[in-house]
């Protein structure tokens with residue numbers, strides 16, 4: 001230790017091991033630091049009460065979904081055409097049956113994840129039509145890219161979840177993509193995953209495939225799939241999303257209810273208004289799920305973004321959404337619901353300095369606000385339009401650091417190293433101290449991609465940037481990927497289901 | 001708004017204005033968010049009590065400074081050779097005369113900065129022997145580089161302080177550098193600055209130059225210069241540093257007392273031990289200054305770093321120092337002293353993804369822990385060995401964001417935008433709403449370097465990375481730099497002092 005600074009197979013080998021995920025990987029993070037509560041309880045109550053005023057005075061539109069309108073009317077809301085208004089207190093009361101914490105089961109039971117409480121689960125980026133890598137640049141995503149990102153998330157020790165639409169496989173017809181995507185999650189990974197939301201029938205197919213793997217009865221009683229449903233902000237729910245939400249809730253699976261608010265466009269430019277709006281929109285979605293099936297699991301989601309007002313472009317990793325997320329976290333805890341936030345956001349086109357600055361700021365906000373499920377933890381580029389291969393593994397360094405950060409500050413006697421100070425005394429180094437040797441293996445988190453060599457070593461090794469090192473790591477992880485086993489009968493039944501459903505539908509390409 | 005997305009002179013022009021600092025620049029930040037307190041008061045007391053045990057059981061060595069030993073002996077410490085030990089409670093009592101807050105005066109009174117309380121002051125990086133820019137790569141720093149970084153810090157609206165050794169001007173003899181450095185701070189900037197600490201006589205020269213500009217009597221009664229003094233960790237003070245510390249304290253100027261602990265080398269690998277050690281070392285330095293001149297200003301500093309244990313290399317922007325800083329902040333507040341932390345740390349050689357990830361994590365820790373004076377806020381590369389031109393302006397985006405982040409979450413009625421929701425209603429955009437128009441100018445922080453254009457615009461403009469955009473901004477800022485005025489008599493007196501002192505000494509080059 002401290003001696004061998006040469007580039008050695010040993011060091012590279014250890015990096016490889018870490019990258020390939022063969023290191024003992026935690027199934028999730030147990031949070032041991034406080035949340036960062038920006039407002040006092042009166043302040044939080046004021047934001048919640050403003051959200052109630054929005055729902056009482058303005059209301060939400062629920063379009064093309066008479067069933068939802070009827071459920072809300074039956075629960076005491078004031079329905080006027082497609083507009084639903086709520087007396088203060090009503091929405092909170094309708095959400096009260098939702099569990100504060102639940103388990104999302106993975107097909108590998110050791111990979112099942114608690115959602116809520118002090119658990120933190122990291123999942124990859126969701127929804128990009130494009131992919132980017134260093135050698136090929138930017139292009140539309142394919143089902144091969146999709147499989148690659150599922151494999152990378154599976155191989156990483158720092159992601160606990162397989163995510164959902166890790167990229168859009170645009171080479172598969174729109175109405176059949178969900179079948180290939182869910183199959184890829186189930187075959188290439190054994191971590192928990194998310195299903196389709198783009199049509200209620202696709203949500204139903206996703207759940208049906210989960211039933212093949214987990215068993216019909218098990219799925220009725222346990223959460224095995226999440227569906228990320230977006231509010232059509234401001235203050236509108238459309239039938240595609242309420243349809244998907246109702247399908248997941250009816251099956252006792254968990255919708256993730258997410259207003260998508262770009263301040264200045266889908267909401268006000270001021271933080272307090274945007275956060276109150278987000279709370280109102282989320283709570284109505286949660287309430288709808290509870291009306292469909294009381295007690296069904298649900299996640300309180302949010303997606304706050306800012307805007308470059310002079311150009312109208314969205315901006316990411318900026319301070320306003322970071323502050324807003326802290327208050328959103330307080331509102332979710334006030335409602336006693338598990339919280340979803342977003343991780344490594346950026347508007348940069350490439351994984352450069354801007355990208356990682358913005359991603360670190362954004363991820364830090366998610367960690368501080370008390371998020372239980374952090375979507376978009378790895379891969380995000382270009383405001384979500386592109387999923388980056390190198391960006392994916394660069395973000396993994398942030399995900400790894402989150403494990404250490406959330407583990408907090410240990411006050412155990414041994415951590416104070418009194419024997420070490422007595423052994424070493426003033427002016428001498430701790431390199432060889434007994435205390436150092438005892439903690440040598442676990443002392444510090446070491447990012448896989450960060451270069452800590454001295455200048456000459458770095459220069460002689462070719463002056464590689466983080467992006468170049470990341471490209472090598474992507475190749476290594478994909479080369480060394482090993483598919484988790486699945487019994488033949490289940491695999492065949494999945495294949496049959498996909499083939500049958502595909503045969504039932506003509507291709508749709510838009 | 002929202003319409004013109006073309007690259008226009010207007011937008012570029014606004015960027016230029018922001019970069020050149022002609023925008024109304026705040027003299028400092030007034031913190032309006034809570035500190036992030038990781039430990040409860042019992043936990044903080046436990047760390048403080050472990051620091052007292054270190055000072056009681058092991059003690060600190062104070063080498064080659066009989067005056068300091070005698071001051072401590074006179075104050076009740078147990079002096080044994082060069083080792084000084086303190087009963088629990090003694091050091092705290094000796095530090096009690098230090099002010100919780102003071103003003104460091106700048107030669108432009110509008111640039112004077114409060115140090116302590118809820119004020120936050122950002123200063124550039126300190127101490128790098130090398131500089132780096134995109135076109136020239138890495139090379140030794142010169143006095144011209146030094147002047148350039150003073151000019152950049154002066155031109156930036158987001159730095160409140162001129163810093164100290166912004167790079168080592170290795171083309172000037174070691175024993176004369178301080179004269180040119182202090183002269184550069186006084187001539188090229190009107191912001192507050194730091195003096196030399198490499199020899200007590202150089203500290204004295206720095207103070208003498210400040211007296212020429214501020215007046216002898218004013219300097220005796222007001223703080224106009226800081227001196228960054230490092231502990232020779234673990235648990236050693238050497239005479240160079242105690243000499244500089246005593247010189248500043250005697251002149252009623254503020255030493256910044258900074259243990260430099262690289263966990264595993266100059267301290268234990270465990271966070272609790274490293275933080276207890278840092279507290280012990282800092283408090284002894286603070287106490288020494290108070291013994292020299294009770295009530296003189298002082299800053300409680302810290303510099304925590306981690307280590308890649310397999311190679312022995314220091315690592316930066318990692319989670320352990322981020323957690324440690326939070327506890328250091330609690331200890332400084334417990335001692336009722338202004339706190340110095342470090343900003344944009346990285347071990348990367350270039351301002352790439354790793355650099356900005358680590359810098360953002362490190363800066364965020366400084367903001368959360370309640371730092372009053374954040375050194376190394378801009379420019380740091382390569383573990384402090386190199387000062388980067390492009391890195392400097394990339395870090396400024398983080399410094400700008402800090403202004404918004406620390407301003408917090410405004411709960412004023414107007415911020416909730418109720419009239420906007422009534423005007424816009426569900427499903428329509430806020431672009432043209434009256435509420436949006438009222439807040440259009442101030443709504444969101446916009447980083448100067450972040451590219452938020454869409455992909456096609458970015459591609460057609462040459463696919464520039466953040467580093468390339470930063471290089472252009474550096475050139476623009478230096479081109480447009482305008483020196484702040486100084487009256488001729490003062491300038492001549494400064495020049496005479498520098499010339500006379502240089503003539504009195506033979507050149508020393510090491």
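Protein chains in written order, with this note's numbering: chain A, 1 to 510; chain B, 1 to 510. Ideal Cβ placement from N, Cα and C applies to all residues, glycine included.
Contacts around residue i, its chain only, beta-carbon distance under 6 Å, and the 5 residues preceding and following it disregarded
i	result
residue 52 of chain B	88
residue 496 of chain B	none
residue 224 of chain B	105, 210, 214
residue 300 of chain B	282, 332, 337, 339
residue 387 of chain B	125, 128, 131, 167, 379
residue 83 of chain A	59, 61
Bridge partners - residue i, DSSP secondary structure assignment
i	result
residue 305 of chain B	B:262
residue 226 of chain B	B:194, B:254
residue 423 of chain B	In the DSSP output, where bridge partners are listed per residue, residue 423 of chain B has none listed.
residue 158 of chain B	Beta-bridge pairing links residue 158 of chain B to no other residue.
residue 313 of chain B	B:308
residue 237 of chain A	A:62
Short Cβ contact (8 Å threshold) for residue i with residue j
i	j	result
residue 184 of chain B	residue 150 of chain B	yes
residue 189 of chain A	residue 451 of chain B	no
residue 430 of chain B	residue 267 of chain A	yes
residue 337 of chain B	residue 298 of chain B	yes
residue 398 of chain B	residue 344 of chain B	yes
residue 241 of chain B	residue 232 of chain B	yes
residue 212 of chain B	residue 172 of chain B	no
residue 113 of chain B	residue 25 of chain B	no
residue 378 of chain A	residue 129 of chain A	no
residue 468 of chain B	residue 466 of chain A	no
residue 291 of chain A	residue 69 of chain A	no
residue 365 of chain A	residue 326 of chain A	yes
residue 418 of chain B	residue 132 of chain B	no
residue 260 of chain B	residue 303 of chain B	yes
residue 245 of chain B	residue 289 of chain B	yes
residue 361 of chain B	residue 443 of chain A	no
Best match in the options for proximity to residue i [C-alpha to C-alpha]
i	options	result
residue 136 of chain B	B:389, B:495, B:171	B:389
residue 512 of chain B	B:122, B:230, B:117	Outside the shown range of chain B, which is 1 to 510, sits residue 512 of chain B, and nothing can be said about it.
residue 372 of chain A	A:131, A:138, A:100	A:100
residue 279 of chain B	B:228, B:109, B:264, B:334	B:334
residue 265 of chain A	A:499, A:223, A:309	A:309
residue 453 of chain A	B:368, B:210, B:315	B:315
residue 239 of chain B	B:365, B:198, B:330	B:198
residue 206 of chain A	A:269, A:292, A:227, A:82	A:227
residue 28 of chain B	B:422, B:474, B:403	B:403
residue 391 of chain B	B:288, B:170, B:488, B:152	B:152
residue 374 of chain B	B:160, B:273, B:111	B:160
residue 582 of chain A	B:414, B:63, B:442, B:81	This structure cannot settle anything about residue 582 of chain A, because the visible part of chain A is limited to 1 through 510.
Neighbourhood of residue i by C-beta, 7 Å cutoff - its chain only, sequence neighbours within 5 removed
i	result
residue 510 of chain B	174
residue 271 of chain B	320, 323, 324
residue 147 of chain A	184, 188
residue 433 of chain A	420, 423, 424
residue 505 of chain A	175, 176
residue 85 of chain A	55, 56, 59, 77, 78
residue 200 of chain A	243, 244, 247
residue 276 of chain A	47, 50, 51, 54
Nonlocal neighbours in the same chain, by C-beta distance under 8 Å from residue i, ignoring five residues either side
i	result
residue 307 of chain A	262, 263, 264, 265, 269, 313, 314, 315
residue 154 of chain A	21, 162, 188, 189, 190, 191, 481, 484
residue 385 of chain A	128, 129, 130
residue 31 of chain B	118, 119, 120, 370, 406
Residue i beta carbon near the ligand ZN (any heavy atom closer than 7 Å)
i	result
residue 409 of chain A	Annotation note on the ligand ZN: not contained in the displayed structure, which lists no ligands.
Entirely enclosed alpha helix (DSSP H) segments - the stretch 73-112 of chain B, minimum 4 residues: 90-95
Runs of alpha helix (DSSP H) lying entirely within the stretch 110-191 of chain B, each at least 4 residues, in chain order: 143-155, 177-188
Completely contained beta strand (DSSP E) runs for the stretch 371-447 of chain B, where each covers 3 or more residues: Runs of the beta strand (DSSP E) inside the stretch 371-447 of chain B: 373-375, 386-388.
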